[in-house]
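A quick write-up on the structure given underneath.
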DNA sequence: AACGTTCTTGTAAACGTTTACGAAGACACT
DNA sequence: AGTGTCTTCGTAAACGTTTACAAGAACGTT
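Protein chains in written order, with full-length UniProt numbering: chain B, 1 to 337; chain H, 1 to 337.
Structure representation (structure tokens):
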């Protein structure tokens with residue numbers, strides 16, 4: 001059945017006693033007589049023939065691969081997104097090439113220009129920081145790119161983004177309804193796309209509700225990781241005594257919860273806690289954490305579909321999708337009665 | 001600088017006024033005169049030329065891609081492994097193609113034969129269940145494959161595996177030292193490779209220490225997920241009252257911890273808890289969970305290096321690496337005094 | 001019986017590289 | 001000046017497919 005040697009079209013053709021064109025046609029389901037078809041199939045079967053992907057790619061100009069570049073693979077939300085993208089893309093007959101870039105824009109730019117080597121038909125990119133040179137490179141790309149995340153005005157690229165501002169609004173509103181007054185905010189770096197958006201959301205929502213917004217209610221972690229969250233939460237609780245904390249991220253929320261526990265503060269009794277991204281981890285812990293669902297898997301799915309659509313129709317109008325947030329309420333934000 | 005049109009060797013050659021052979025040589029760093037070299041580099045720069053990956057692959061017979069197939073991408077331990085593999089592989093100049101297979105062997109077999117289409121130079125495979133047909137396919141593969149996980153006797157393939165039995169030994173020993181007597185075991189499906197190995201380890205270790213091993217101290221979750229863990233832990237606690245529980249997995253451990261909390265049982269006061277895999281999640285939760293480190297990232301790294309070695313030297317002797325476990329002791333298993 | 005269609009099949013070119021080979025030039029040595 | 005070696009460069013073949021084109025066979029139509 002399977003052979004050790006690699007077999008080619010020519011070998012199959014010889015064995016079947018037909019031309020290579022016929023072999024190719026039969027194997028690709030193009031019209032052919034029963035006779036030829038049978039002979040070819042038999043020969044192919046016997047030789048364990050499978051068409052070579054690179055040769056095919058070269059000829060047809062498509063690799064049937066889609067590249068995915070995410071900055072921070074440690075973050076569970078990216079894992080969830082990647083899984084969804086993988087699913088959609090695979091169903092559409094593409095393979096997924098993953099390249100975890102470093103945080104710096106340098107890396108991403110290098111990756112983008114390497115994309116022009118044509119190892120994939122298109123790319124899904126989720127940049128942590130959007131810089132000028134990155135945008136320039138995005139624009140110059142020969143191959144279609146879908147961006148997950150906000151893009152500056154006027155950049156005409158397919159993209160999918162979350163509505164962090166609305167999401168923050170949901171969180172603050174929920175906390176305010178529970179009678180919380182001093183709502184603190186543990187953010188990640190504000191020079192990142194999500195960091196900036198979430199800060200904007202926090203300010204807007206607090207402002208709208210006339211809630212106090214002293215500087216000592218805000219703190220920025222060095223990045224969006226658990227370890228950074230521990231440090232940030234300690235700093236926050238050293239400088240103020242909030243009755244609620246919203247975190248830019250579930251990882252930061254879990255870290256904050258740990259620090260609260262260390263200090264003997266109960267959740268949600270003393271402090272209500274809300275995370276963002278609504279990853280599995282939020283419901284794993286005890287108490288489970290209320291989290292703003294920013295539609296990560298939906299975003300992932302849309303991004304993948306957008307790219308596939310563009311590959312099918314390069315002239316389709318540019319589409320910028322915004323996914324609406326939802327609040328998943330769990331134990332960490334409401335006191336049971 | 002960057003051009004919208006795709007540029008080829010021929011274009012560069014024309015522009016530089018040299019032959020395509022010279023262009024190829026210069027760009028690949030083969031010896032050439034200063035004159036030619038300068039002209040070619042200038043032309044290439046102006047046209048934003050980058051060599052086409054598929055054409056190159058076809059010619060040289062290498063794709064510079066490595067395929068990775070893992071069964072369960074939801075499990076954080078696989079995420080950690082994937083990250084490590086990605087790093088090693090990228091450093092060696094390969095791209096990583098990820099294919100998350102379903103649980104069934106069918107999928108994996110299909111994947112293996114698709115590998116023969118030559119879209120990658122080799123594959124790293126981590127099968128949940130090792131069946132006969134899978135092994136047959138592994139053997140028949142034209143391209144090198146490295147397996148993460150145990151292989152039956154006599155299968156001559158590069159592989160890396162954890163020592164679950166020794167790992168279980170560490171966990172049970174630790175618990176016994178703390179004076180725990182009724183040590184329960186929440187396992188995953190026993191017809192999987194890790195499930196079987198961990199069961200073997202549990203039985204061996206308990207036996208060795210002469211600890212009781214009633215059937216009602218053991219329970220098997222339907223799979224290695226959090227949700228299945230909840231169900232399994234409930235069942236366990238319905239049927240017995242252990243003073244320690246070891247789980248086949250950190251996810252199962254977290255689920256068990258949640259169920260313990262529900263029932264008002266304290267960890268580690270009433271019940272000591274130990275997980276396996278030592279993923280980040282074990283230290284995220286409160287109390288943090290003692291976990292058997294089965295060397296997942298080390299295994300991942302070894303697997304990647306093994307494959308890269310074999311690609312460089314196809315005739316290298318087969319290597320089967322076993323990674324020794326370590327116990328990472330956290331709050332869930334020792335009562336502070 | 002000659003003609004026009006339609007269907008089937010083979011021949012050959014093309015995709016964009018890398019590289020074996022040979023020609024020609026440069027250079028040193030006798 | 002003749003010979004040999006070394007270097008540099010261009011010509012052309014090759015990697016394994018897909019597919020445009022043409023040739024022939026089969027068939028119905030007039």
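Where a beta carbon is used, it is the ideal one built from N, C-alpha and C, also for glycine.
These numbers come from a predicted model, not from an experiment.
Once the 5 residues before and after residue i are set aside, which same chain residues still bring their CB inside 7 Å of it?
| i | result |
| --- | --- |
| residue 77 of chain H | 277, 279, 296 |
| residue 3 of chain B | Because the pLDDT of residue 3 of chain B is 47, which lies under 50, any placement of that residue in the model is unreliable, and the number read from its coordinates should be weighed accordingly. Excluding positions up to five away in sequence, the list reads 47, 48. |
| residue 338 of chain B | In this structure chain B extends from 1 to 337, so residue 338 of chain B is not present and cannot be described. |
| residue 305 of chain H | 88 |
| residue 71 of chain H | 101, 103, 126, 127, 128 |
| residue 1 of chain H | Any reading at residue 1 of chain H must be qualified, since the residue scores a pLDDT of 44, below 50, and its modelled position is unreliable; the value itself is stated next. Counting only Cβ-Cβ distances below 7 Å, and skipping sequence neighbours, we find 48. |
Using a cut-off of 7 Å between C-beta atoms, extract the partners of residue i located in chain H.
| i | result |
| --- | --- |
| residue 345 of chain B | Shown here, chain B extends from 1 to 337; a query on residue 345 of chain B therefore has no answer. |
| residue 79 of chain B | 79 |
| residue 261 of chain B | 286 |
For residue i, list the residues DSSP reports as bridge partners.
| i | result |
| --- | --- |
| residue 273 of chain H | H:245 |
| residue 148 of chain H | H:160 |
| residue 185 of chain B | B:218, B:246 |
| residue 321 of chain H | H:160 |
| residue 178 of chain H | Answer is none; residue 178 of chain H lacks a bridge partner. |
| residue 123 of chain H | H:67, H:145 |
| residue 326 of chain H | H:293 |
Which residues in chain B have a C-beta closer than 8 Å to the C-beta of residue i? List them in chain order.
| i | result |
| --- | --- |
| residue 281 of chain H | 281, 284 |
| residue 298 of chain H | Within 8 Å Cβ-Cβ: nothing; residue 298 of chain H doesn't reach chain B, min ~18 Å. |
Determine the chain B residues that contact residue i at a beta-carbon separation under 9 Å, and present them in chain order.
| i | result |
| --- | --- |
| residue 342 of chain H | Only positions 1 to 337 of chain H appear in this structure, which leaves residue 342 of chain H out of reach. |
| residue 63 of chain H | 53, 54, 119 |
| residue 37 of chain H | Within chain B, no residue comes near residue 37 of chain H; the closest Cβ sits about 21 Å away, beyond 9 Å. |
Please return the same chain residues whose Cβ sits closer than 6 Å to the Cβ of residue i, not counting the five positions on each side in sequence.
| i | result |
| --- | --- |
| residue 102 of chain B | none |
| residue 123 of chain H | 67, 115, 145 |
| residue 169 of chain H | 205 |
| residue 197 of chain B | 164 |
| residue 275 of chain H | 247, 250, 253, 282, 289, 291 |
| residue 53 of chain H | none |
| residue 335 of chain B | 268 |
| residue 86 of chain H | 96 |
| residue 39 of chain B | 16 |
| residue 121 of chain B | 62, 63, 311 |
| residue 234 of chain H | 259 |
| residue 73 of chain B | 100 |
Who are the neighbours of residue i on chain B, taking C-beta pairs under 7 Å?
| i | result |
| --- | --- |
| residue 58 of chain H | 54, 55, 58 |
| residue 202 of chain H | The contacting residues do not exist; residue 202 of chain H stays about 24 Å from chain B at best. |
| residue 254 of chain H | 284 |
Go to residue i, then tell me how far its alpha helix (DSSP H) extends in each direction, as first and last residue.
| i | result |
| --- | --- |
| residue 109 of chain H | 105 to 115 |
| residue 239 of chain B | 226 to 239 |
| residue 75 of chain B | Per DSSP, residue 75 of chain B belongs to no alpha helix (DSSP H) and is neither H nor E. |
| residue 196 of chain H | 193 to 208 |
| residue 40 of chain H | 34 to 47 |
| residue 133 of chain H | 132 to 140 |
| residue 339 of chain B | This structure leaves residue 339 of chain B out entirely; chain B is present only between 1 and 337. |
| residue 263 of chain H | Looking at the DSSP string, residue 263 of chain H is not in any alpha helix (DSSP H), and its letter there is neither H nor E. |
| residue 25 of chain B | 20 to 27 |
| residue 56 of chain B | 53 to 60 |
| residue 129 of chain B | Element bounds for residue 129 of chain B: n/a, residue is neither H nor E. |
Starting from the C-beta of residue i, find all residues in its chain whose C-beta is less than 8 Å away, skip the five residues before and the five after it, and write them out in chain order.
| i | result |
| --- | --- |
| residue 173 of chain H | 205, 209 |
| residue 302 of chain H | 160, 321, 323 |
| residue 119 of chain B | 63, 65, 67, 97 |
| residue 15 of chain H | 43, 46, 47 |
| residue 243 of chain H | 180, 181, 182, 183, 270, 271, 272 |
| residue 285 of chain H | 254, 257 |
| residue 214 of chain H | 240 |
Residue i touches chain H at which residues, Cβ-Cβ below 9 Å?
| i | result |
| --- | --- |
| residue 226 of chain B | 280, 283, 284 |
| residue 83 of chain B | 73, 74, 100 |
Counting only Cβ pairs nearer than 8 Å, list the residues of chain H close to residue i.
| i | result |
| --- | --- |
| residue 257 of chain B | 286 |
For the beta strand (DSSP E) containing residue i, list its first residue and its last residue.
| i | result |
| --- | --- |
| residue 98 of chain B | 95 to 100 |
| residue 292 of chain H | 290 to 293 |
Counting Cβ pairs, one atom from each stretch, are 3 or more of them under 8 Å apart for the segment 225 to 232 of chain H and the segment 249 to 267 of chain H?
Verdict: yes, contact present.
Evaluate contact between the segment 46 to 54 of chain B and the segment 40 to 48 of chain H, counting only Cβ atoms and requiring at least three cross-stretch pairs below 8 Å.
-> Taking a cut-off of 8 Å for Cβ pairs, the segment 46 to 54 of chain B and the segment 40 to 48 of chain H do not touch, as fewer than three such pairs fall below it.
Problem - Contact the segment 125 to 144 of chain H vs the segment 179 to 196 of chain H: 3+ CB pairs below 8 Å - result: A contact exists between the segment 125 to 144 of chain H and the segment 179 to 196 of chain H.
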